[in-house]
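Chains as they are written, first to last, in this note's numbering: chain Y, 47 to 421; chain V, -7 to 287.
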Amino acid sequence: MIDTFQERYENRHEYAKQWKDKTGGKVLGYFCTYVPEEICIAAGVLPVRILGSHEPQDVTEPHIFAMYCPFCRDCLAQGLEGKYDYLDGISIAQSCLHIRQAYTSWELHVPTDWSYYLPMPHHVQSPRAVPYLLAEYEKFKKALEDWTGNKITDDDLKRGIETVNKDRQLMKQVYELRKREDPPLSGLESMYMVVSSQLIDKGEHARIVEDSLKELEDRTLGRPVGQRLIILGSENDDHEFIKMVESCGSTFVIDDHCTGTRYFWDQVSLNGEDPLTAIAKRYVNRVPCPTKDWPVRTRVPHIVSLAKDWDASGAVILQQKFCDPHELDIPAIKSALEEEGLATLFLELDVTVPIGQFKTRVEAFLEILDEEDLF
Amino acid sequence: MAEDTNSKEYWRWTESNWRDPDIDWKAGEIISVGIDVGSVSSQAVILVDGKLYAYSNMRTGSDSPKSAENAMDWALEGTGMTQDDIHYVVGTGYGRVNVPFAKRAITEIACHARGANFMYGPTIKTVLDMGGQDCKAIRVDQKGKVVAFLMNDKCAAGTGRGMEVFANLLGIHITEVGEMSLRVEEEPPMVSSTCVVFAKSEASGLLREGWPKEKVLAAYCLAMAHRVVDLLERLGVEEDFAITGGIGKNVGVVSRIEKELGIKALKPTLDTQIAGALGGALFARALEQKGRKSK
Chain Y
47 MIDTFQERYE NRHEYAKQWK DKTGGKVLGY FCTYVPEEIC IAAGVLPVRI
97 LGSHEPQDVT EPHIFAMYCP FCRDCLAQGL EGKYDYLDGI SIAQSCLHIR
147 QAYTSWELHV PTDWSYYLPM PHHVQSPRAV PYLLAEYEKF KKALEDWTGN
197 KITDDDLKRG IETVNKDRQL MKQVYELRKR EDPPLSGLES MYMVVSSQLI
247 DKGEHARIVE DSLKELEDRT LGRPVGQRLI ILGSENDDHE FIKMVESCGS
297 TFVIDDHCTG TRYFWDQVSL NGEDPLTAIA KRYVNRVPCP TKDWPVRTRV
347 PHIVSLAKDW DASGAVILQQ KFCDPHELDI PAIKSALEEE GLATLFLELD
397 VTVPIGQFKT RVEAFLEILD EEDLF
Chain V
-7 MAEDTNSKEY WRWTESNWRD PDIDWKAGEI ISVGIDVGSV SSQAVILVDG
43 KLYAYSNMRT GSDSPKSAEN AMDWALEGTG MTQDDIHYVV GTGYGRVNVP
93 FAKRAITEIA CHARGANFMY GPTIKTVLDM GGQDCKAIRV DQKGKVVAFL
143 MNDKCAAGTG RGMEVFANLL GIHITEVGEM SLRVEEEPPM VSSTCVVFAK
193 SEASGLLREG WPKEKVLAAY CLAMAHRVVD LLERLGVEED FAITGGIGKN
243 VGVVSRIEKE LGIKALKPTL DTQIAGALGG ALFARALEQK GRKSK
């Protein structure tokens, strides 16, 4: 059952094409996790997150600055290479300059019927963020209605909220199990679980998670857990890297990634409120991406408590090369974790990672954590 | 012209082996070995009851297992010892998983830290390993255990390989480039690029402009020193400080690192290139002792 998530992740394009054939619905490719999937689902659209392939490419040079991050380049390459030719539309909610460049380039150079730029506010700590976003959501909803020809009612929105909330709540249950001394799933399996949720029908995903929870009840890794680690930083679905770290005598037990907890951690709470307002509040108050985490760095205490609650002894801090928002936060995160007694390892990601060199660093890092007496 | 300098192999440093004739290894209880297969050089160190008995230091070939065997054989040469007499072998370095007779692989970061602790004593707190193709800044505790480290990225700048390229370009033997770089009246501006490929073409330009070789070398040594000082300062340098690896023998780079840091490096008592293999041999001894105790 657990393997299903990896299968969905690996066959994301076939899945989306089949979904279209089966339902006759529209597929919307989105960049970053600030696009409100609840509203898309209410419109009967399948939202799929656009991700890279971690393969070298040579098609983005004319379109993206050399000092923009490898992830935005990798995403755009997928579009330029025609791998997402089945998409009916694309969308982005403002997150960072680099990924927006991938979006605008895509809009210019990859033929797509529909595109929508949603101005998600950066200053989410402002009291005006929610009313601002609500007004933007009204426009986004209207645009979706015009595009699909489906009127989106409050009931549709509530259904969208319930669908996404249910999946979020189930994912949290899975993450609870990772607190165990012998966690029932690896960091790699968990990454497949979260990322596949960004790629397939949410209801279906929730059903598979529900079934998996039964399987996980008395499952173990079947290998020593080794050092318990937290992994955090910018976008990371680099399975080769995660697999390598976990093969060196460690297990990722928790994360702060947009391909992990940041994506599903916070629910929309309706509380009798109008659904669009409730959704706007969720996206304004969610665990933020560092582009939006200012002037107060709310992520720092959040990460520290994740590390403590999941009993991690070390932290692997990753960043996409040239990702300034993350890089600026890293010194604060690093010292906060070190104050709590965690060792940290910082690594910079490119489209492909130098597994051999990273392995030396990872092993040396684990040797620091190991209590085993070499002395 | 390039072919000419290549045929003279100015980069080729002296391979060596050494043995302490006063030690009778047959009287030893634990014979432990560390083999460091690096990207440029390979070493084997043999300890008899924790005392340095013999070592070899040679160039790594294209085949890691073969390089490990060559280093081992050369260290054993003239000792009368065979591989069967050795109790525990630890492999380290970039080719650590390919050391055929190693019972365990440990990273060169841990091994250099441990080796430096043996070479310089327990007061050593910061180790800079300047290897063939990367360099590492390591902070260690008084036992020689790594506390924190930083490694440079996917790049030959600030490494032995970079210096070899310069030795060849200028036609000056690798063992002399350091000394020669100090024969300038005042320090020139450093080579602006730390990338070896770019730095090489920059240096060619300087030579055409009529710069003497000493000045070009000084400019390159300065750039190399500056780059590794960056790495050290990110980690934080605490005294005592020492430099291991091949560049540890290059006075042109070492003195410039010292100057920029404002800290003197401890004078090496042993060949700085063997630090990794030495650390490996010390770990091998500890592992063998532990194994015997648990029996």
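Even for Gly, the Cβ is constructed at its ideal location relative to N, Cα and C.
Report task. Per DSSP, which residues does V/Asn9 bridge with? Please list them. Result -> Partner residues in the beta bridge of V/Asn9, as assigned by DSSP, are V/Ser48.
**Report entry** Cβ neighbours of V/Lys135 in the same chain (closer than 8 Å, five flanking residues each side left out)
**Finding:** Cβ within range, chain order: Asn109 and Pro114.
Query raised in the report: Are the C-beta of V/Met143 and some C-beta of chain Y separated by less than 8 Å?
Result: At least one chain Y Cβ lies under 8 Å of V/Met143.
Requested in this report: Give me the Cα-Cα distance between V/Val245 and V/Leu174, rounded to the nearest whole angstrom.
Outcome: Those two C-alpha atoms are separated by around 9 Å.
Report task. Take Y/Phe77 and list the residues in its own chain whose beta-carbon comes closer than 7 Å to its own, dropping the five residues that flank it on each side. Result -> Only Ile96, Cys121, Ile138, Ile145, Ala148 and Tyr149 meet the Cβ criterion.
Requested in this report: Name the two residues that bound the continuous beta strand (DSSP E) containing Y/Ser258.
Outcome: DSSP places Y/Ser258 outside any beta strand (DSSP E); the residue lies instead in the alpha helix (DSSP H), whose first and last residues are Lys248 to Glu263.
Query raised in the report: Along chain V, in chain order, which residues have C-beta atoms closer than 9 Å to that of Y/Glu305?
Result: Reading off the sequence shown, one finds Thr at residue 305 of chain Y, where the question assumed Glu. The contact set of Y/Thr305 on chain V, defined by CB atoms closer than 9 Å, is empty, because the minimum CB distance reaches about 24 Å.
Query raised in the report: Any Cβ of chain Y within less than 8 Å of the Cβ of V/Ile38?
Result: No, V/Ile38 does not count as interfacial toward chain Y.
Query raised in the report: By Cβ distance, which residues of its chain are closer than 7 Å to Y/Leu36, with the 5 residues on each side in sequence left out?
Result: Since the first residue of chain Y shown is 47 and the last is 421, residue 36 of chain Y is not available in this structure.
Report task. Check whether the Cβ atoms of V/Met172 and V/Lys205 sit closer than 8 Å, and answer yes or no. Result -> One thing to note: V/Met172 has its Cβ within 8 Å of the Cβ of V/Lys205.
Query - Given Y/Ile379 as reference, the closest of Y/Arg407, Y/Val350, Y/Leu393 and Y/Val399 once Cα atoms are compared - result: Closest option to Y/Ile379, judged by alpha-carbon separation, among Y/Arg407, Y/Val350, Y/Leu393 and Y/Val399: Y/Val350.
Query raised in the report: In chain order, what residues of the same chain lie with their CB nearer than 8 Å to the CB of V/Glu(-5), ignoring the 5 residues before and after it?
Result: Residue placement at V/Glu(-5) is flagged as unreliable, the pLDDT there being 43, under the threshold of 50; the coordinate-derived value follows with that caveat. If we look at V/Glu(-5) and ignore the five residues flanking it on each side, it has no Cβ neighbours.
Query raised in the report: Nearest chain C C-beta to V/Ala234 closer than 8 Å, yes or no?
Result: Note that chain C does not occur in the displayed structure, where the protein chains are Y and V.
Query - Residue-level contact to chain Y via CB, V/Thr(-3), 8 Å cutoff - result: Confidence in V/Thr(-3) is poor, its pLDDT being 45 and thus under 50, which makes the residue's placement too unreliable to answer from.
**Report entry** Residue nearest to V/Asp126 in terms of C-alpha spacing, selected from V/Leu279, V/Tyr2 and V/Thr236
**Finding:** Here the closest residue by C-alpha is V/Thr236.
Query raised in the report: Residues in its own chain within less than 6 Å of Y/Leu364 by CB, not counting five upstream and five downstream?
Result: For Y/Leu364, where only same-chain residues beyond five positions count, the Cβ hits under 6 Å are Gly279, Asn282, Leu393 and Leu395.
Query raised in the report: Taking all protein chains shown into account, do 16 or more other C-beta atoms lie within 10 angstroms of the C-beta of V/Thr6, making it buried, or fewer, making it exposed?
Result: Exposed: under 16 other Cβ atoms inside 10 Å.
Query raised in the report: Expressed to the nearest angstrom, what Euclidean distance is found between the alpha-carbon atoms of V/Val221 and V/Val32?
Result: Counting only the Cα atoms, V/Val32 lies some 22 Å from V/Val221.
Query raised in the report: Nearest-angstrom Cα distance between Y/Asp416 and V/Asp41?
Result: The alpha-carbon atoms of Y/Asp416 and V/Asp41 are separated by roughly 25 Å.
Query raised in the report: Count the other CB atoms within 10 Å of the CB of Y/Gln140; is the residue buried (16 or more) or exposed (fewer)?
Result: With 16 or more Cβ atoms within 10 Å of its Cβ, Y/Gln140 is classed as buried.
Query raised in the report: Taking just the CA atoms, how far does Y/Tyr80 sit from Y/Val170?
Result: Spanning the alpha carbons of Y/Val170 and Y/Tyr80 requires a straight line of approximately 12 Å.
Query - Local Cβ density within 10 Å of Y/Ile87, reported as buried at 16 or more and exposed below that - result: Only buried fits Y/Ile87, as 16 or more other CB atoms lie within 10 angstroms of its CB.
Query - Below-8 Å beta-carbon distance, V/Lys305 vs any chain Y residue - result: The structure shown does not extend to residue 305 of chain V, since chain V is modelled only from -7 to 287, so the question has no answer here.
Report task. Could you name the residues of the same chain whose beta carbon sits closer than 6 Å to that of V/Thr84, not counting the 5 residues immediately before and after it, in chain order? Result -> These residues qualify, in order along the chain: Asp28, Ile98, Glu100, Cys103, Gly268 and Gly272.
Query raised in the report: What residues of chain Y sit near V/Lys137, judged by a beta carbon separation below 9 Å?
Result: Near V/Lys137 (Cβ distances below 9 Å), the residues of chain Y are Glu413, Ile414, Leu420 and Phe421.
Query - Reduced DSSP category for Y/Asp302 - H, G, I as helix; E, B as strand; rest coil - result: Here Y/Asp302 sits in strand by DSSP.
Query - Closest by C-alpha distance to V/Ile78, when choosing among V/Arg96, V/Lys43 and V/Ser24 - result: Residue nearest to V/Ile78 within the set V/Arg96, V/Lys43 and V/Ser24 is V/Ser24 (criterion: CA-CA distance).
Query - Rounded separation between V/Ala67 and V/Leu224 - CA only - result: C-alpha separation (whole angstroms): 33 Å.
Query raised in the report: Taking the alpha carbon of Y/Leu234 as the point to measure from, which residue in Y/Asp192, Y/Asp301 and Y/Lys197 has its own alpha carbon closest?
Result: Nearest of Y/Asp192, Y/Asp301 and Y/Lys197 to Y/Leu234, Cα basis: Y/Asp301.
Query - Inside the stretch 226 to 269 of chain V only - alpha helix (DSSP H) runs reaching at least 4 residues - result: Counting only unbroken stretches of 4 or more residues, the alpha helix (DSSP H) elements lying wholly within the stretch 226 to 269 of chain V are 243 to 253, in sequence order.
Requested in this report: Specify the secondary structure class of Y/Asp419 as computed by DSSP and reduced to three states.
Outcome: Coil.
Query raised in the report: So with Cβ pairs under 8 Å, would you call Y/Glu409 a contact of chain V?
Result: Cβ-Cβ to chain V under 8 Å: yes for Y/Glu409.
Query - Y/Thr406: contacting residues in chain V (beta-carbon distance under 8 Å) - result: Close to Y/Thr406, with beta-carbon spacing below 8 Å, are these residues of chain V in chain order: Tyr86, Thr99, Glu100, Ile101 and Met143.
Query - Pairwise C-alpha distance: Y/Tyr309 and Y/Gln219 - result: Going by the C-alpha atoms only, they are around 15 Å apart.
Query raised in the report: In terms of residue numbering, what span does the beta strand (DSSP E) encompassing V/Phe141 cover?
Result: For V/Phe141, the uninterrupted beta strand (DSSP E) run begins and ends at Val138 to Met143, by DSSP.
Requested in this report: Please specify which runs of the beta strand (DSSP E), each continuous and at least 3 residues long, are wholly inside the stretch 81 to 119 of chain Y, giving them in chain order.
Outcome: Residue ranges of uninterrupted beta strand (DSSP E) with 3 or more members, entirely inside the stretch 81 to 119 of chain Y and ordered along the chain, are 92 to 95.
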